[in-house]
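S.K.: Be aware that the sequence shown starts at -15, since it is given in my numbering, and climbs by one per residue.
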Amino acid sequence: MSLTLRTRRSRVLAGGTLVAALGTAGVLGTVSANAESPRSRPAASAAPAADASGRDTTTTTHLTTAAAIRAAQAALDAAHRAHQNVSVAVVDRDGRTLVTLRGDGAGPQSYESAVKKAYTAVSWNAPTSALVKRLDSAPTLKDIPGTLFLAGGAPVTAKGAPVAAVGVAGAPSGDQDEMFAKAGVAALGR
C-alpha cells in the first residue's frame, strides 16, 4: 500500500514538473517571439491608439529642480544669517525628495526631520506649525508614516494647488525652522 502511495506521489510530482517545464517553454517562446525586430515582422494594420479624453485626465504642475535648489539654498542662507546650523529639504507634490542640504554643524537628526517636515507640509498643504494644533482634535495624525508634526515645514503652491514644500530642522525652535522654510518658499516668488 505504501508502494502505491509513493508511486502516485511520484506521478504527481513528475506531472507537475512537466507542466512547469512546458509553462516555462511557453513563456520563453513568447519572449523569443516578441523579441523579433520590427523589420522582420510583416506589416499589419495597427489597432487605433486609445486617447483618453480631457475629462479622464488631469494636468499637474511640478517644481523644477533649479527652483528646488534655489529654495533650499535660500532657506539655508537665512539660517546661516541667524547663526543656526540646520538641514533643509525640498519635496515635490508627491512627497519625493527633490533636494536636501545639510548645513555645516547641523545635527544628525536634522536631515531626516527636515524631509519629514516637508513631506507633512505638502501632504496637508499647510505649514506644519498649523498642523501641530490639529493634533489636539486628531491625535492619531502623528501615526501616519513619514510625517513629523513639528513647526518647520512650509508648502509651496502654484495655481492654488500644492506643488512642493520646504522643510527645515536643527534650529533651537520650530518657529525658527519655519521662518527659514518660509524664506525658502519666498525665494520662489522672485
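For every residue, glycine included, the Cβ atom is placed at its ideal position computed from N, Cα and C.
The model shown is predicted, which means the values in this text are computed figures rather than measured ones.
According to the Cβ coordinates, are residue 73 and residue 81 closer than 8 Å?
M.R.: As a working note, residue 73 is residue 89 in the sequence shown. As a working note, residue 81 is residue 97 in the sequence shown. Yes. Within cutoff.
S.K.: Roughly how far, in whole angstroms, is the beta-carbon of residue 151 from the beta-carbon of residue 114, given that I think they are within contact range, below 8 Å?
M.R.: The count along the sequence shown starts at 1 and reaches residue 151 at position 167. The count along the sequence shown starts at 1 and reaches residue 114 at position 130. That pair is no contact at about 14 Å.
S.K.: Is it a yes or a no for the segment 124 to 132 touching the segment 60 to 77, going by three-plus beta-carbon pairs under 8 Å?
M.R.: No, because fewer than three Cβ pairs between the segment 124 to 132 and the segment 60 to 77 fall closer than 8 Å, the two stretches do not touch.
S.K.: Drop a sphere of 10 angstroms on the beta-carbon of residue 157, count the other beta-carbons inside from all chains shown, and report buried for 16 or more, exposed for fewer.
M.R.: Reading the sequence shown from its first residue, position 173 is the one you call residue 157. Result: exposed.
S.K.: For residue 86, which residues from the same chain have a beta carbon less than 6 Å from its beta carbon, with the 5 sequence-adjacent residues on both sides left out?
M.R.: Locating residue 86 in the sequence shown gives position 102, counting from the first residue. Hits under 6 Å: 71 and 95.
S.K.: From this set, 111, 100, 93 and 39, which residue's C-alpha is nearest residue 146's C-alpha?
M.R.: Walking along the sequence shown from the start, residue 146 turns up at place 162. Ranking the options by Cα distance to residue 146, first place goes to 111.
S.K.: Alpha carbons only, please: which of 104, 51, 37 and 163 is nearest the one belonging to residue 78?
M.R.: Numbered from 1 along the sequence shown, position 94 holds the residue referred to as residue 78. When only C-alpha atoms are compared, the closest one is 104.
S.K.: Could you tell me which of 135, 148, 126 and 117 sits nearest to residue 163, measuring between CA atoms?
M.R.: For the purposes of this step, residue 163 is taken as the residue at position 179 of the sequence shown. Out of 135, 148, 126 and 117, 135 has the C-alpha closest to the C-alpha of residue 163.
S.K.: What do you reckon, are the CB atoms on residue 165 and residue 138 nearer than 8 Å?
M.R.: One-based indexing of the sequence shown puts residue 165 at position 181. One-based indexing of the sequence shown puts residue 138 at position 154. Their beta carbons are under 8 Å apart, which means residue 165 touches residue 138 by this criterion.
S.K.: So, helix, strand or coil for residue 77, using DSSP?
M.R.: Mapped onto the sequence shown, residue 77 falls at position 93. Residue 77: coil per DSSP, three-state reduction.
S.K.: Would a C-beta distance cut-off of 8 Å place residue 172 and residue 50 closer than the cut-off?
M.R.: Residue mapping note: residue 172 aligns to position 188 of the sequence shown, counting from 1. Residue mapping note: residue 50 aligns to position 66 of the sequence shown, counting from 1. No, they are not a contact pair.
S.K.: Ordered along the chain, which non-local residues of its own chain (more than five positions away) have a Cβ less than 7 Å from that of residue 46?
M.R.: The sequence position of residue 46 within the sequence shown is 62, counting from 1. For residue 46, where only same-chain residues beyond five positions count, the Cβ hits under 7 Å are 76, 77 and 147.
S.K.: Roughly how many angstroms lie between the CA atoms of residue 122 and residue 106, to the nearest whole one?
M.R.: Position 138 of the sequence shown holds residue 122. Position 122 of the sequence shown holds residue 106. Computed Cα separation, rounded: 18 Å.
S.K.: Let me check one thing: in DSSP terms, what residues is residue 173 bridge-paired to?
M.R.: Within the sequence shown, numbered from 1, the residue matching residue 173 stands at position 189. Bridge partners of residue 173: none, in fact.
S.K.: What are the uninterrupted segments assigned as alpha helix (DSSP H) that are 4 or more residues long and contained completely in the segment 38 to 120, given in chain order?
M.R.: 49 to 65, 92 to 108 and 112 to 118, all fully within the segment 38 to 120.
S.K.: Along the chain, which unbroken stretches of the beta strand (DSSP E) at least 3 residues long are found entirely within the segment 123 to 149?
M.R.: As far as the segment 123 to 149 is concerned, its whole beta strand (DSSP E) runs of at least 3 residues are 137 to 142.
S.K.: Short of 6 Å in beta carbon distance, which residues of its chain neighbour residue 60, apart from the five on each side in sequence? Order them along the chain.
M.R.: Working through the sequence shown from its first residue, we reach residue 60 at position 76. Result list for residue 60: 72, 85 and 87, in chain order.
S.K.: Please classify residue 160 as buried or exposed, where buried requires at least 16 other C-beta atoms within 10 Å of its C-beta.
M.R.: The sequence position of residue 160 within the sequence shown is 176, counting from 1. Classification for residue 160: buried.
S.K.: Can you round the beta-carbon distance between residue 167 and residue 58 to whole angstroms, since I take them to be within the 8 Å contact cut?
M.R.: As a working mapping, residue 167 is identified with position 183 in the sequence shown. As a working mapping, residue 58 is identified with position 74 in the sequence shown. Yes, they are in contact, since the Cβ atoms of residue 167 and residue 58 sit about 5 Å apart, within 8 Å.
S.K.: Determine whether the beta carbon atoms of residue 140 and residue 169 lie at a separation below 8 Å.
M.R.: Numbered from 1 along the sequence shown, position 156 holds the residue referred to as residue 140. Numbered from 1 along the sequence shown, position 185 holds the residue referred to as residue 169. Yes; because the gap between Cβ atoms is below 8 Å, this pair is in contact.
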